[in-house]
Every structure is written in C-alpha cells, then in structure tokens.
Amino acid sequence: MRASLMGVVMVFLCVVVLSAQDSSKRDAQEGRLLALESAWNHAEQSKDAVALNQLLGESLVYVDYDGTLLNKKEFLETTLHNNVQQEQINNDGMTVHLYGNAAVVTGVYRDKGVEKGKASNGTVDSQTHG
Numbered sequence: 001m002r003a004s005l006m007g008v009v010m011v012f013l014c015v016v017v018l019s020a021q022d023s024s025k026r027d028a029q030e031g032r033l034l035a036l037e038s039a040w041n042h043a044e045q046s047k048d049a050v051a052l053n054q055l056l057g058e059s060l061v062y063v064d065y066d067g068t069l070l071n072k073k074e075f076l077e078t079t080l081h082n083n084v085q086q087e088q089i090n091n092d093g094m095t096v097h098l099y100g101n102a103a104v105v106t107g108v109y110r111d112k113g114v115e116k117g118k119a120s121n122g123t124v125d126s127q128t129h130g
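In our numbering, the protein residues as written are 1 to 130.
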C-alpha cells in the first residue's frame, strides 16, 4: 500500500515538474514572438530594409488596411519607398496563440506619421501568423 502511494506521489510530482517546464517554455516562446513583433515595428518605422528582409518570411502575404494583398517583395517596396514619415509604430494588447509548430499573434497596430505634409494616424486590428 505504501509503495503504491509513493508511486502515485512520484507520478504527481513528475506531472507538476513537466507542467512547470512546459509553461516556462511557452512563456519564452510568447516573449520571443512579441519581441519579433516589436522588432518588425522598429524596422518598419526606420525603413530598415535589411532588418525587414531578415524578419519577414519569403512566403509573407500581407493584408494592408484597405484589403490589398502584398507579397514580401511588394510589402518591402511599399514600406521602403512610400512618402510617409513614420513617427511612431506600436502594438497594443498583443496576445500569442500557440498551436504546435505554429502561432498566431493578435492585437492592435497603431501608427502615427506625416504623409504629404499632413498628420496620419492609423489603428488596425492585426493578426500575424507564424
């Protein structure tokens, strides 16, 4: 009886330890994805072609605020050669959803800048799939 009780306790402890490790791993993955989102914003704001090229996958399909679909090359071209002087780009309320080897990041994308001498503000609900 005592041996089986110890066995149950050991199994319970193993489950608790593995669960804590899984939670820690998940937190690290979520933190990394949120950091990548911030890096994307910074690279876009500063029109850093090298950083954007490294951050974005070759199979990128970007849906712009007006519904326009852009592949990676088109997105880079549009971002790097537009007439908008970005003052600020940030994300609010970003949430990471992990699904095995895939993730979806949802939240609100906000930008502020100047386009053709006029103030430009934008807010878009966003989803990034990885």
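Every residue, glycine too, gets a C-beta built ideally from N, C-alpha and C.
Whole-number beta carbon distance between residue j and residue i, since they are thought to touch under 8 Å
| i | j | result |
| --- | --- | --- |
| Asn-91 | Tyr-109 | 6 Å |
Residue environment, residue i, which counts as buried when at least 16 other CB atoms sit within 10 Å
| i | result |
| --- | --- |
| Val-50 | exposed |
| Ser-19 | Note that Ser-19 has pLDDT 48, beneath the 50 cutoff, so the model's placement of it is unreliable and the number below is only indicative. Its Cβ having fewer than 16 others within 10 Å, Ser-19 is exposed. |
| Val-114 | exposed |
| Glu-77 | exposed |
| Leu-33 | buried |
| Cys-14 | Caution applies to Cys-14, whose pLDDT of 48 falls short of 50 and renders its modelled position unreliable; the model cannot decide the point. |
Three-state secondary structure assigned by DSSP to residue i
| i | result |
| --- | --- |
| Asp-111 | strand |
| His-42 | helix |
| Thr-106 | strand |
| Glu-87 | strand |
Member of the options whose CA lies at the smallest distance from the CA of residue i
| i | options | result |
| --- | --- | --- |
| Trp-40 | Asp-27, Leu-55, Glu-115 | Leu-55 |
| Tyr-65 | Lys-116, Asp-111, Glu-37 | Asp-111 |
Beta-carbon proximity list for residue i, same chain, < 8 Å, skipping 5 on both sides
| i | result |
| --- | --- |
| Glu-44 | Leu-52, Thr-79, Gln-86, Ile-89 |
| Gln-29 | Val-96, Leu-98, Ala-103 |
Minimum Cβ-Cβ distance from residue i to chain D less than 8 Å
| i | result |
| --- | --- |
| Ile-89 | Annotation note: the requested chain D is absent from the structure, which comprises a single protein chain. |
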